[in-house]
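Some notes on the structure that comes next.
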Amino acid sequence: MELWFTEKQTPVFGITAKIRETLVREQTDFQDLAIIDTEEFGRMLVLDDMVMTTVKDEFVYHEMVAHPALFTHPDPKHVLVVGGGDGGVIREIMKHPKVEKAVLVDIDGKVIEYSKKYLPEIACELDNPRVEVQVNDGYMHIIQSKNKYDVIMVDSTEPVGPAAPLFERGFYQGIYEALKDDGIFVAQTDNPWFKADLIQKVNKDVKEIFPIVRVYGANIPTYPSGLWTFTMGSKTHDPLQVDETQIPEIDTKYYSPRLHKAAFVLPKFVEDLVK
Ligand code: SAM
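In terms of full-length UniProt numbering, the sequence shown is residues 1 to 275.
This is the structure:
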């Protein structure tokens, strides 16, 4: 009998993958967690029936969360990841020798535990001595941190359940205060086909707080609509003023020095959303 997993990306539209094997299915304290092995995209982390990452296309999202901000800040020593318990963003951050310490704060220890066990190619740097892993609410961590981080990355689930507060204006204000004077933050901000309102709301909130706000995109086949956005807020450094000839080539499959500024060139309908 064939088994298929469907994520309803909207109430009337979905994405379907043929399942080879279900490795984990568990209700944690925060969410329904599954790791399934799929024919096309390999192992897939699913939270509350939403695809979080897959072994085949994870590199796009994780590289594009980490590198644009880290190659915009001239000296990113202390970095925070809110969410991101699969470890993919941490793996990319560890490619930056200037980073002395990266703190990962995910609310759900089970995501970390099962990612280490079943997604080792993604979670492989979580035990790096430069990494500190905390199982905690990212909102609380932000509110309690002042003038502490050079770069903050928000790698959260969608704005439902425990991640809902991570899309509120007060959270972005907290991030501003948790950053040092020349700090940068970046957050995944969903897709412009089904979540245009969310992108506009986040953009408006972040523009009221940060002097420099830039939105960029990437193609991620297993995320709703395949076109994903990221919003960057910065106190002083502008990603569009970076001299790409000074960005070193590192081991990546999507991000490159050529893509650094190009990723900020948005399709017109997305540009119109964030004008
Ligand atoms: N890349 C994915 C996407 O865009 O669909 C999300 C990755 S998944 C690893 C996001 C993580 O955010 C989950 O592990 C979840 O436990 C965590 N998370 C949700 N709410 C959180 C909160 N309030 N504080 C910290 N982590 C949170």
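Cβ atoms here follow ideal geometry from the backbone N, Cα and C, with glycine treated the same way.
Rounded C-alpha distance that separates residue i from residue j
i: Asp48; j: Gly84; result: 15 Å
i: Asp205; j: Ser234; result: 13 Å
i: Thr72; j: Val270; result: 23 Å
i: Tyr188; j: Arg214; result: Tyr is not the amino acid found at residue 188; the sequence shown has Gln there. Going by the C-alpha atoms only, they are around 12 Å apart.
i: Lys101; j: Ile112; result: 18 Å
i: Glu208; j: Lys201; result: 11 Å
i: Thr245; j: Pro257; result: 7 Å
i: Asp106; j: Asp37; result: 23 Å
i: Thr22; j: Asp127; result: 26 Å
i: Tyr114; j: Ile184; result: 30 Å
Collapsed DSSP secondary structure at residue i in the structure displayed
i: Leu80; result: strand
i: Thr245; result: helix
i: Arg169; result: helix
i: Met94; result: coil
i: Asp32; result: strand
i: Ala187; result: strand
i: Gly85; result: coil
i: Tyr223; result: coil
i: Val46; result: strand
Cβ-heavy atom distance, residue i to the ligand SAM, below 7 Å
i: Asp75; result: no
i: Asp106; result: yes
i: Met232; result: no
i: Thr157; result: yes
i: Pro165; result: yes
i: Thr189; result: no
i: Thr54; result: no
For residue i, the first and last residue of its enclosing beta strand (DSSP E)
i: Met50; result: 50-54
i: Ser256; result: Premise fails: Ser256 is in no beta strand (DSSP E) and is neither H nor E.
i: Glu7; result: 3-10
i: Leu266; result: Leu266 -> no beta strand (DSSP E), and no H or E assigned at all.
i: Ser234; result: 227-234
Endpoints, the alpha helix (DSSP H) within which residue i is located
i: Asn203; result: 196-209
i: Ile15; result: Segment 13-27 is the beta strand (DSSP E) holding Ile15; no alpha helix (DSSP H) there.
i: Gly109; result: 109-118
Beta carbon of residue i nearer than 8 Å to that of residue j
i: Leu80; j: Tyr149; result: yes
i: residue 284; j: Glu132; result: In the structure as shown, the chain starts at 1 and stops at 275, and residue 284 therefore has no counterpart that could be examined.
i: Asp155; j: Val65; result: yes
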